[in-house]
Every structure is written in C-alpha cells, then in structure tokens.
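> First the structure, then my questions, so here it is.
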Amino acid sequence: MFIRNPQKDVSLEEERAVVSRRLSRRWKLLQILGAALIALAGVIDWLHFSDPTVPDAPMLFLMAGIMVFITGLAMQRGGTAGLTEK
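For the sequence shown, my numbering puts the final residue at 235, and the numbers step up evenly by one.
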C-alpha cells in the first residue's frame with residue numbers, strides 16, 4: 150500500500166522511485182544473507198551434539214538460507230506491483 154505524505158511536496162513518481170529503490174535494496178540484502186547462510190552450512194565444520202533432539206546446525210543454516218533466499222527472489226519478482234495510490 151502506498152500512502153502519500155501530505156507534508157512533502159514530492160510527486161507521486163518520485164515517491165514511487167524512492168520506494169522502489171528501498172525494495173530493491175531489501176531483496177538484494179535478503180539474497181546475499183540467504184547465500185551467506187547456505188555457504189556457512191557447507192563450509193564450516195560444526196560440532197555434532199550427542200543429543201538426538203537437537204537439530205543438525207548445517208541443516209538449520211541450509212533451511213534458513215534457502216527460505217531467506219526464496220523470500221528475496223519473491224520480493225524481486227513482485228517489485229512495486231503492490232504500490233497503488235490512495
């Protein structure tokens with residue numbers, strides 16, 4: 150949802166450009182974070198716990214990395230399609 154700030158004298162196109170840049174930074178950051186988590190899962194030799202109820206650390210990092218990366222991709226594909234004037 151896109152809500153204009155009545156106190157600023159800025160055109161709607163300028164506001165959309167600012168929001169688009171912010172969203173672009175966010176999905177890029179999410180993709181970088183996801184890739185870093187996936188890399189951590191594969192590169193670091195994690196200690197294995199003797200307790201079988203504790204999940205494996207590499208698997209947690211891998212799953213979290215994939216979820217964060219996919220969220221970044223979804224934000225990239227969505228773009229500013231949801232921005233509408235109100």
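Virtual Cβ for every residue (Gly too), placed ideally from N, Cα, C.
Does the separation of the CB atoms of glutamine 180 and glycine 221 fall below 9 angstroms?
Yes, the Cβ-Cβ distance between glutamine 180 and glycine 221 is below 9 angstroms.
> Report the three-state DSSP secondary structure of leucine 186 (helix, strand or coil).
helix
> Mind checking glycine 191: buried by the 16 CB within 10 Å criterion, or exposed?
exposed
> Give the range of the alpha helix (DSSP H) segment to which leucine 209 is assigned.
206–227
> Where valine 185 and serine 160 are concerned, what is the direct C-alpha to C-alpha distance, given to the nearest angstrom?
Looking at the sequence provided, one finds alanine at residue 185 rather than valine. For alanine 185 and serine 160, the distance between alpha carbons rounds to 38 angstroms.
> Leucine 196 to isoleucine 215, Cα distance in whole Å?
22 angstroms
> Judging by CA-CA distance, which residue of Leu189, Glu164, Leu172 is the nearest neighbour of phenylalanine 210?
Of the candidates Leu189, Glu164, Leu172, the one whose C-alpha sits nearest the C-alpha of phenylalanine 210 is Leu189.
> Quick one: Cα of lysine 235 to Cα of arginine 175, how far?
Residue placement at lysine 235 is poorly supported in this model, since its pLDDT is 47, which falls under 50; the coordinates are not used for a value here.
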